[in-house]
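*Asks:* Quick note: to get the numbering used here, add 53 to the position in the sequence shown (first position is 1). We put the CB at the ideal spot given by N, CA and C, even for glycine.
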Amino acid sequence: MEQIRQMIEPLLEQAGLAVPWQVVPAAAAALLVLIIVIAVLVSRVRKLNEQLPVSHRNGSGRKALARARKLEKAEKRVPAADAYVAAGLIDPAVALYVREGRINQAADTLIKDGRVVEAANQYRVAGKWEKAGRLYRQGQSWRMAAEMFDQAGKLAEAAEAWELAGNPGEAAERFHRVGDLARAAAAFQASGDMGGFLLVFLPYWESELDRQMGALEPASYWQPTLDLALTEAEKQDNWDAAHKLASYLGRWATAGKAAEELGKWEDAKRFYQTVGDLEGVARAADHLGESEEAYRARGQAAEQAGKTDEAARFFELAGEGDKAVALYQQAEMWAEAGRVAEGLDMLEAAADAWVKAKDPSKAALMFEKLERWGDAASAYESAGDPGRAAEAFRKAERWLDAAAMAEQAGNTQAAIRDLQQQLRTHGQNREVSLRLVDLMMAEGMRGTAIGLLEPLVTMQPTTESDADVLYRYGMMLEDEGRRAEAAKAYERILAFDVSYRDAQERAQRLRNMVQLQQQQAQQQSQPSFGGGISDSTGDGGGLAAALPDMSPSGLGGGETQKIMERYVPKGELGRGGMGVVIKAHDKLLDRMIALKVVKTPGMDSAQLDRLLAEARATAKLNHPNIVQIYDVSLAQGNLLMAMEFVEGQTVKEVITSDGPVPLTALVLIFGQVAKALQAAHAQQIVHRDIKPANILWTPDKQAKITDFGLARAAQELANAQTVVVGSPYYMAPEQLMGNTMDHRVDIYALGVSMFEAATGTLPFPKGDVGYHHIHTPA
Numbered sequence: 054m055e056q057i058r059q060m061i062e063p064l065l066e067q068a069g070l071a072v073p074w075q076v077v078p079a080a081a082a083a084l085l086v087l088i089i090v091i092a093v094l095v096s097r098v099r100k101l102n103e104q105l106p107v108s109h110r111n112g113s114g115r116k117a118l119a120r121a122r123k124l125e126k127a128e129k130r131v132p133a134a135d136a137y138v139a140a141g142l143i144d145p146a147v148a149l150y151v152r153e154g155r156i157n158q159a160a161d162t163l164i165k166d167g168r169v170v171e172a173a174n175q176y177r178v179a180g181k182w183e184k185a186g187r188l189y190r191q192g193q194s195w196r197m198a199a200e201m202f203d204q205a206g207k208l209a210e211a212a213e214a215w216e217l218a219g220n221p222g223e224a225a226e227r228f229h230r231v232g233d234l235a236r237a238a239a240a241f242q243a244s245g246d247m248g249g250f251l252l253v254f255l256p257y258w259e260s261e262l263d264r265q266m267g268a269l270e271p272a273s274y275w276q277p278t279l280d281l282a283l284t285e286a287e288k289q290d291n292w293d294a295a296h297k298l299a300s301y302l303g304r305w306a307t308a309g310k311a312a313e314e315l316g317k318w319e320d321a322k323r324f325y326q327t328v329g330d331l332e333g334v335a336r337a338a339d340h341l342g343e344s345e346e347a348y349r350a351r352g353q354a355a356e357q358a359g360k361t362d363e364a365a366r367f368f369e370l371a372g373e374g375d376k377a378v379a380l381y382q383q384a385e386m387w388a389e390a391g392r393v394a395e396g397l398d399m400l401e402a403a404a405d406a407w408v409k410a411k412d413p414s415k416a417a418l419m420f421e422k423l424e425r426w427g428d429a430a431s432a433y434e435s436a437g438d439p440g441r442a443a444e445a446f447r448k449a450e451r452w453l454d455a456a457a458m459a460e461q462a463g464n465t466q467a468a469i470r471d472l473q474q475q476l477r478t479h480g481q482n483r484e485v486s487l488r489l490v491d492l493m494m495a496e497g498m499r500g501t502a503i504g505l506l507e508p509l510v511t512m513q514p515t516t517e518s519d520a521d522v523l524y525r526y527g528m529m530l531e532d533e534g535r536r537a538e539a540a541k542a543y544e545r546i547l548a549f550d551v552s553y554r555d556a557q558e559r560a561q562r563l564r565n566m567v568q569l570q571q572q573q574a575q576q577q578s579q580p581s582f583g584g585g586i587s588d589s590t591g592d593g594g595g596l597a598a599a600l601p602d603m604s605p606s607g608l609g610g611g612e613t614q615k616i617m618e619r620y621v622p623k624g625e626l627g628r629g630g631m632g633v634v635i636k637a638h639d640k641l642l643d644r645m646i647a648l649k650v651v652k653t654p655g656m657d658s659a660q661l662d663r664l665l666a667e668a669r670a671t672a673k674l675n676h677p678n679i680v681q682i683y684d685v686s687l688a689q690g691n692l693l694m695a696m697e698f699v700e701g702q703t704v705k706e707v708i709t710s711d712g713p714v715p716l717t718a719l720v721l722i723f724g725q726v727a728k729a730l731q732a733a734h735a736q737q738i739v740h741r742d743i744k745p746a747n748i749l750w751t752p753d754k755q756a757k758i759t760d761f762g763l764a765r766a767a768q769e770l771a772n773a774q775t776v777v778v779g780s781p782y783y784m785a786p787e788q789l790m791g792n793t794m795d796h797r798v799d800i801y802a803l804g805v806s807m808f809e810a811a812t813g814t815l816p817f818p819k820g821d822v823g824y825h826h827i828h829t830p831a
């Protein structure tokens, strides 16, 4: 102690402290204690701080920690947890909250500490899926967030989370389920599920299309997706989707195929037409029952492929005959071209095709319709049909060719007529006349042949040819029994050549015969008719008495005698320039008839033969509206026609007495007349003189045409006497001009007759009637 005092006191003195030295040791001891206490406290604080986060290493934190431990020991867990939170110790706090079921507090504590995912885990464990999902989402734990949203039924949030989690397939399904079709489509596309993509994209696109009034904007944004959708629709045979998409995008070929697969044939046809797919158009048209359009499309396709013959057949089936004809011609299928062209009345094309098809008969028919008579005749000639060739040559007015064909056909009579027409139209020609003479002789028309040959016979032959003609003339006269004239002909030959054939012998023989005949004639009296036909019926002198203008001096028994005895006259019915018509009783058949006697002075035997032939042909007509001809014959050069006797009056008399005919009667009368003419024309018989005066109207309202065949008689008589005959008021222009006539002259005259009946006057009642009929419109 002393030592301590000795040490301390000097120090106190030096310091100037007047304190007892005993204070110093006590203070030192106290200081030591203080230092120890401080060290203990510092150690304790350090240990507490080590348990606390840096942010809470302060007095408050340490107090909170101490308090938390104390409360935890007292099993006051929630206050202890709160104290732990105050001390910044989250984990023990969360553990205590969880142990107490304070999940929200535990999660909130973690959230406040920034530990979102751990907070989400707490909600997940507690089954609070939506909160967990949101926290997982906040913590970018996308898969967990997606699963939690799925559990919570929050599909939109789940879809987004799945998408962020890199699982577009799951996202697409949920986007689809919540109706977010745009994102569903994108997600399906991202996942490679193109079936799902189409499933949702199509309704989305359609709804947008509707919303945007039918045109998507911006188009560039939609284009890639639409292209992709269309491609996938085709791959998947989803034709409904392909049909809609291709139609919108203008992909017409795809649209057509889709429409075809769906059975939408109208759409398919329209789309195929747009893209020019002709085979597609044809298939669609087939299903629509539009066969002609189908054929047309196939024809166009075949034509484009260069299959001309096939194209022609299709166009023909399509009803496009003109196109078919052109293609058949191009393919040189002439028979087919001719057939189709003929059916379409493409006469020029048909004629040309039949010629090239080497079918002259059909070509001739076409030329006839075209009135190319020369071509028609040549075609008939090539076809080996000389008869029809002759007819065509006549219409072409090539009379020599017509005659040659008629001869070839064995129709000598027609050949004669043709050669006569050649002479009439082109003037006399030696060769033609000689040829005509040969034909007439072959037909037994000697008298006519002689008359034709006479102008060719020169008084004095100067050439061998002249002598030949004269020799032939002499032989013809000889055959006709005209011996004196024949002898003179032979003698004229001898003046040119005394040794010409047997001309000298013939001349001598004929002279001898003529002399003998003259001697015999002197010894016989000349017979005469006198009044040899008696009236055995007491009717006033028989037929001869009824026809006082017909001299009996030339009559000579035979056929004439029989006619005179058969018919008993009962009165005259009419008289004209050509003859007379009487009412007579046919004693053989015991009936009343009308007997027409046509005087034919100046006609030669050939003309009489033709006249009789036509009258007999006319007699074959049997129609209720044509006066029936019972019999025709020649009596002393006169034509006699026994005809049906008809009570009534002519239409001309009706017009004269009553004026214009009412419409009903007009139709009744001329309707019957037209039917009668139709029947006659069908038999190649032409009346040539239709007029009201030749139409009878009976009391029982029946119209009957009379004088069939007499117009030819008038014409033959005119030719013989060089006079104009007929009724020019009713004659057709070709008849007036002397041109070739056919049945149309009757039709023309019928029209004029109807005009007169309807109006009471003629179209041209005065002036130069013929000129008016040819040049003036009625």
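Looking only at its chain, what residues have a beta carbon closer than 6 angstroms to the beta carbon of Ala785, apart from the 5 residues adjacent to it on each side?
*Replies:* Taking the sequence shown and counting its residues from 1, the one referred to as residue 785 is at position 732. Once the five neighbours on either side are set aside, the close Cβ partners of Ala785 are Val798 and Tyr801.
*Asks:* Tell me which residues share the same chain as Ala691 and place their Cβ nearer than 8 angstroms to its Cβ, disregarding the 5 neighbours each side in the sequence.
*Replies:* The sequence position of residue 691 within the sequence shown is 638, counting from 1. Here the sequence assigns Asn to residue 691, which means Ala is not the residue at that position. These residues qualify, in order along the chain: Met603, Gly632, Val650, Val651, Lys652 and Thr653.
*Asks:* At which residues does the beta strand (DSSP E) containing His638 begin and terminate?
*Replies:* One-based indexing of the sequence shown puts residue 638 at position 585. Gly632 to Asp639 is the extent of the beta strand (DSSP E) around His638.
*Asks:* In the structure shown, what three-state DSSP assignment does Thr327 receive?
*Replies:* Reading the sequence shown from its first residue, position 274 is the one you call residue 327. Thr327: helix per DSSP, three-state reduction.
*Asks:* Enumerate in chain order the residues of its own chain whose CB-to-CB distance from Ala308 is below 7 angstroms, with the five nearest sequence positions on each side excluded.
*Replies:* The count along the sequence shown starts at 1 and reaches residue 308 at position 255. Excluding positions up to five away in sequence, the list reads His296, Ala299, Ser300 and Phe324.
*Asks:* Restricting to runs no shorter than 4 residues, where is the alpha helix (DSSP H) found entirely within the segment 152 to 197?
*Replies:* 156 to 165, 169 to 178 and 182 to 191
*Asks:* What are the start and end residues of the beta strand (DSSP E) that includes Lys757?
*Replies:* Translated into the one-based positions of the sequence shown, residue 757 becomes position 704. Run containing Lys757: Ala756 to Ile758, per the beta strand (DSSP E) assignment.
*Asks:* Can you tell me the Cα-Cα spacing of Val328 and Ala432, whole angstroms?
*Replies:* One-based indexing of the sequence shown puts residue 328 at position 275. One-based indexing of the sequence shown puts residue 432 at position 379. Those two C-alpha atoms are separated by around 49 angstroms.
*Asks:* If you draw a straight line from the alpha carbon of Phe250 to that of Glu285, how long is it in whole angstroms?
*Replies:* What you label residue 250 is simply residue 197 of the sequence shown in a count that begins at 1. What you label residue 285 is simply residue 232 of the sequence shown in a count that begins at 1. C-alpha separation (whole angstroms): 9 angstroms.
*Asks:* Between the C-alpha atoms of Met807 and Phe723, what's the straight-line distance to the nearest angstrom?
*Replies:* Position 754 of the sequence shown, counted from the start, is the residue given in the question as residue 807. Position 670 of the sequence shown, counted from the start, is the residue given in the question as residue 723. Roughly 7 angstroms separates the two Cα atoms.
*Asks:* How big is the Cα-Cα spacing for Glu434 and Ala459?
*Replies:* In the sequence shown, residue 434 corresponds to position 381, counting from 1. In the sequence shown, residue 459 corresponds to position 406, counting from 1. When rounded, the distance between both Cα atoms is 11 angstroms.
*Asks:* Please state whether the Cβ-Cβ distance between Ala364 and Ala355 is less than 8 angstroms.
*Replies:* Start at 1 with the first residue of the sequence shown, and residue 364 comes out as number 311. Start at 1 with the first residue of the sequence shown, and residue 355 comes out as number 302. Closer than 8 angstroms, so yes.
*Asks:* Would you check if the segment 662 to 676 and the segment 704 to 719 touch, i.e. whether three or more CB-CB distances between them fall below 8 angstroms?
*Replies:* no
*Asks:* Using only alpha-carbon positions, find the residue among Ile469, Trp750, Gln75 and Leu252 that is nearest to Leu489.
*Replies:* In the sequence shown, counting from the first residue as 1, residue 489 sits at position 436. Taking only the C-alpha atoms, the option nearest Leu489 is Ile469.
*Asks:* By Cβ distance, which residues of its chain are closer than 6 angstroms to Ala388, with the 5 residues on each side in sequence left out?
*Replies:* Numbered from its first residue, the sequence shown carries residue 388 at position 335. Excluding sequence neighbours, Ala388 sits near Ala410.
*Asks:* Under 6 angstroms Cβ to Cβ from Gln242, same chain only, skipping five residues before and after it: list those, please.
*Replies:* As a working mapping, residue 242 is identified with position 189 in the sequence shown. So the list reads Phe250, once near-sequence residues are dropped.
*Asks:* Helix, strand or coil for Gly609 per DSSP?
*Replies:* Sequence index remark: in the sequence shown, residue 609 carries index 556 (1-based). Reliability fails at Gly609, whose pLDDT of 40 lies under 50, so the model's placement of it is uncertain and no value is given.
*Asks:* Count the other CB atoms within 10 Å of the CB of Ala214; is the residue buried (16 or more) or exposed (fewer)?
*Replies:* Within the sequence shown, numbered from 1, the residue matching residue 214 stands at position 161. Under this definition Ala214 is a buried residue.
*Asks:* List the whole-angstrom C-beta distance separating Ile748 from Val726, where the pair is believed to meet the contact cut-off of C-beta under 8 angstroms.
*Replies:* Mapped onto the sequence shown, residue 748 falls at position 695. Mapped onto the sequence shown, residue 726 falls at position 673. That pair is a contact at about 6 angstroms.
*Asks:* Check this for me: beta carbons of Arg499 and Met528, under 8 angstroms apart or not?
*Replies:* Residue 499 sits at position 446 when you count from the first residue of the sequence shown. Residue 528 sits at position 475 when you count from the first residue of the sequence shown. Not a contact, by the Cβ cut-off of 8 angstroms.
*Asks:* One question on the structure: do Asp438 and Phe446 come within less than 8 angstroms of each other, judged by their Cβ atoms?
*Replies:* On the sequence shown, position 385 is the one that residue 438 refers to. On the sequence shown, position 393 is the one that residue 446 refers to. Between Asp438 and Phe446, the CB-CB gap reaches or exceeds 8 angstroms.
*Asks:* Assign Ala410 to one of three DSSP states: helix, strand, or coil.
*Replies:* If you number the sequence shown from 1, residue 410 lands on position 357. If DSSP states are grouped into helix, strand and coil, Ala410 belongs with coil.
*Asks:* Return the bridge partner residues of Asn691 from the DSSP annotation.
*Replies:* Numbered from 1 along the sequence shown, position 638 holds the residue referred to as residue 691. According to DSSP, Asn691 shares a beta bridge with Ala688.
*Asks:* Have a look at Leu693, Ser686, Ala695 and Val680 and flag the residue whose alpha-carbon is nearest the alpha-carbon of Thr703.
*Replies:* Stepping through the sequence shown from its first residue, residue 703 is reached at position 650. Per the Cα distances, Val680.
*Asks:* Buried or exposed for Pro622, please, with buried defined as at least 16 other CB atoms from any protein chain shown within 10 angstroms of its CB.
*Replies:* For the purposes of this step, residue 622 is taken as residue 569 along the sequence shown, with counting starting at 1. Buried.
*Asks:* Helix, strand or coil for Glu625? Go by DSSP, reduced to three states.
*Replies:* For this step, residue 625 is matched to residue 572 along the sequence shown. Strand, per DSSP.
*Asks:* Cα separation between Gly591 and Tyr683?
*Replies:* Sequence index remark: in the sequence shown, residue 591 carries index 538 (1-based). Sequence index remark: in the sequence shown, residue 683 carries index 630 (1-based). Reliability of the predicted coordinates at Gly591 is poor, the pLDDT of 39 falling under 50, and no value is obtained from them.
*Asks:* Where does Gln702 sit, in a helix, a strand or coil, going by DSSP?
*Replies:* As a working note, residue 702 is residue 649 in the sequence shown. Gln702: strand per DSSP, three-state reduction.
*Asks:* Please name the residue, chosen from Thr759, Tyr543 and Asn464, that lies closest to Asp742 on a Cα-to-Cα basis.
*Replies:* Translated into positions along the sequence shown, residue 742 becomes position 689. Of Thr759, Tyr543 and Asn464, the residue nearest in Cα terms is Thr759.
*Asks:* Quick check on the burial criterion: 16 or more other C-beta atoms within 10 angstroms. Buried or exposed for Gly593?
*Replies:* Mapped onto the sequence shown, residue 593 falls at position 540. Because the pLDDT at Gly593 is just 41, under 50, the model does not fix this residue reliably, and the value given afterwards should be weighed accordingly. When all chains shown are included, Gly593 counts as exposed.
*Asks:* When the Cα atoms are used, what is the spatial distance from Met493 to Thr501?
*Replies:* On the sequence shown, residue 493 is found 440 positions in, with the first residue counted as 1. On the sequence shown, residue 501 is found 448 positions in, with the first residue counted as 1. One C-alpha to the other measures close to 7 angstroms.
*Asks:* Does the CB of Val699 have a neighbour CB from chain B at under 8 angstroms?
*Replies:* Within the model displayed, chain B is absent; a lone protein chain is all it includes.
*Asks:* How many angstroms separate the CA atom of Thr515 from the CA atom of Phe549?
*Replies:* As a first step, residue 515 must be located in the sequence shown, where it is residue number 462. As a first step, residue 549 must be located in the sequence shown, where it is residue number 496. Approximately 7 angstroms between the Cα atoms of the pair.
*Asks:* Using the Cα positions of Asp293 and Glu259, report the straight-line distance between them to the nearest angstrom.
*Replies:* As a first step, residue 293 must be located in the sequence shown, where it is residue number 240. As a first step, residue 259 must be located in the sequence shown, where it is residue number 206. So the alpha carbons of these two residues sit roughly 13 angstroms apart.
*Asks:* Do you know offhand how far Asn482's Cα is from Ala637's?
*Replies:* Residue numbering aside, residue 482 sits at position 429 when the sequence shown is read from its first letter. Residue numbering aside, residue 637 sits at position 584 when the sequence shown is read from its first letter. In a straight line, the C-alpha of Asn482 is about 49 angstroms away from that of Ala637.
*Asks:* Determine the closest residue to Asp662 out of Arg264, Ile546, Ala732 and Gln466, with distance taken between C-alpha atoms.
*Replies:* The residue given as residue 662 occupies position 609 in the sequence shown. It is Gln466.
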